[in-house]
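Enquirer:
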Amino acid sequence: DVKVTQSSRYLVKRTGEKVFLECVQDMDHENMFWYRQDPGLGLRLIYFSYDVKMKEKGDIPEGYSVSREKKERFSLILESASTNQTSMYLCASTSSREQFFGPGTRLTVL
Amino acid sequence: QQQVKQSPQSLIVQKGGISIINCAYENTAFDYFPWYQQFPGKGPALLIAIRPDVSEKKEGRFTISFNKSAKQFSLHIMDSQPGDSATYFCARDAGNNRKLIWGLGTSLAVNP
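Chains P and F, in that order, give the protein sequences. Offset between the first sequence (1-based) and my numbering: plus 246. Offset between the second sequence (1-based) and my numbering: plus 10.
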């Protein structure tokens, strides 16, 4: 079975802190995604990576950056966390049509 | 970017009833329409998917109906059970790079 793991289930950070969210997949997928999920707003794509060191902005990239140095790992970085970045963050990967999701990281920024 | 419009936002169904969730898209240039199911505390997982050359696809109690001329597709859950209580997302492919365009989700509650 495909497994997508995220480094933390819950995270509490302070405004202005630099935050790293890590995602690892074990199925050699080329494509990886970071989404945020907020009530009533569905799944919004933050960034997408289609290969190592390759990235593409999604619909809401402002305030975020990403890093993909190895195929299995895709990191989301909040350079200076703000309260409006409090959300559920979901990582996904795919090599075909089906996206496989991690369990999510619920980030609270105080 | 062209969206997928999903309705209703929330749905309450009695055990044994039929749950129906509808989605509409804006042009016909796409060839993959999946539905994802998300339980509380979990990431979404693929439930069932359809291509537009098929009008209906059934997997157990779950059926996708596709109406290409109306640009609509729907999920029917027959004999709904409390264990079906979850958030359901429809989506369409974005045409490249394996991205998906998502509906906003439907929160389904099945009362025992």
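Just so it is clear, CB atoms sit at the ideal spot from N, CA and C, and this is done for glycine as well.
Is GLY286 (chain P) closer than 8 Å to LEU114 (chain F) when the C-beta atoms are compared?
Expert: Your numbering for residue 114 (chain F) matches position 104 in the second sequence. Your numbering for residue 286 (chain P) matches position 40 in the first sequence. Cβ atoms of LEU114 (chain F) and GLY286 (chain P): closer than 8 Å.
Enquirer: ASN277 (chain P): buried (16+ other C-beta within 10 angstroms of its C-beta) or exposed?
Expert: Here residue 277 (chain P) refers to the residue found at position 31 when the first sequence is read from its first residue. That one is buried.
Enquirer: Here's the rule: buried if 16 or more other CB atoms are within 10 angstroms of the residue's CB, otherwise exposed. What is VAL258 (chain P)?
Expert: Residue numbering aside, residue 258 (chain P) sits at position 12 when the first sequence is read from its first letter. Counting Cβ neighbours within 10 Å, VAL258 (chain P) comes out exposed, since fewer than 16 surround it.
Enquirer: Let me know the beta strand (DSSP E) ranges lying completely inside the segment 69-100 of chain F, each 3 residues or longer, listed in chain order.
Expert: DSSP runs (the beta strand (DSSP E)) wholly in the segment 69-100 of chain F: 72-77 and 82-87.
Enquirer: Can you name, in chain order, every residue of its own chain whose Cβ lies under 6 Å from the Cβ of LEU289 (chain P), other than the five neighbours on each side?
Expert: Numbered from 1 along the first sequence, position 43 holds the residue referred to as residue 289 (chain P). Counting only Cβ-Cβ distances below 6 Å, and skipping sequence neighbours, we find TYR281 and GLN283.
Enquirer: Please report the Cβ distance between SER295 (chain P) and VAL312 (chain P), rounded to the nearest whole angstrom; I am assuming they are in contact, meaning their Cβ atoms lie under 8 Å.
Expert: On the first sequence, residue 295 (chain P) is found 49 positions in, with the first residue counted as 1. On the first sequence, residue 312 (chain P) is found 66 positions in, with the first residue counted as 1. About 7 Å separates the two Cβ atoms, so the contact holds.
Enquirer: Does PHE266 (chain P) have its Cβ less than 8 Å from a Cβ in chain F?
Expert: For the purposes of this step, residue 266 (chain P) is taken as the residue at position 20 of the first sequence. Output row for PHE266 (chain P): interface = no.
Enquirer: Per DSSP, what are the beta-bridge partners of ASN32 (chain F) in this structure?
Expert: Working through the second sequence from its first residue, we reach residue 32 (chain F) at position 22. Paired residues: F:SER17 and F:SER84.
Enquirer: Between LEU57 (chain F) and chain P, is any beta-carbon pair separated by less than 8 Å?
Expert: One-based indexing of the second sequence puts residue 57 (chain F) at position 47. No, no contact with chain P.
Enquirer: Taking only beta-carbon atoms, is LEU85 (chain F) less than 8 Å away from chain P?
Expert: In the second sequence, the residue the question calls residue 85 (chain F) occupies position 75. Chain P, which has no Cβ nearer than 8 Å to the Cβ of LEU85 (chain F), makes this no.
Enquirer: Count the C-beta pairs between the segment 249-265 of chain P and the segment 316-326 of chain P that are closer than 8 Å, then say yes if the count reaches three, no if not.
Expert: Touching, yes.
Enquirer: In the structure shown, what three-state DSSP assignment does GLN345 (chain P) receive?
Expert: Taking the first sequence and counting its residues from 1, one reaches residue 345 (chain P) at position 99. Looking at GLN345 (chain P) - three-state DSSP - the assignment turns out to be coil, as it is neither helix nor strand.
Enquirer: Among the residues of its own chain, which have a CB less than 6 Å from the CB of TYR35 (chain F), if the five just before and after it don't count?
Expert: If you number the second sequence from 1, residue 35 (chain F) lands on position 25. Excluding sequence neighbours, TYR35 (chain F) sits near VAL14, LYS81 and ARG102.
Enquirer: Starting from the Cα of ILE71 (chain F), find the closest Cα among F:ASN121, F:PRO122, F:GLY27 and F:SER117 and give me that residue.
Expert: What you label residue 71 (chain F) is simply residue 61 of the second sequence in a count that begins at 1. It should be noted that the sequence gives Arg, not Ile, for residue 71 (chain F). Cα-wise, what sits closest to ARG71 (chain F) is F:GLY27.
Enquirer: Please state whether DSSP places THR351 (chain P) in a helix, a strand or coil.
Expert: Residue numbering aside, residue 351 (chain P) sits at position 105 when the first sequence is read from its first letter. Three-state result, THR351 (chain P): strand.
Enquirer: With DSSP as the reference, identify every bridge partner of SER311 (chain P), one or two as the case may be.
Expert: The sequence position of residue 311 (chain P) within the first sequence is 65, counting from 1. SER311 (chain P) is bridged to P:ILE323.
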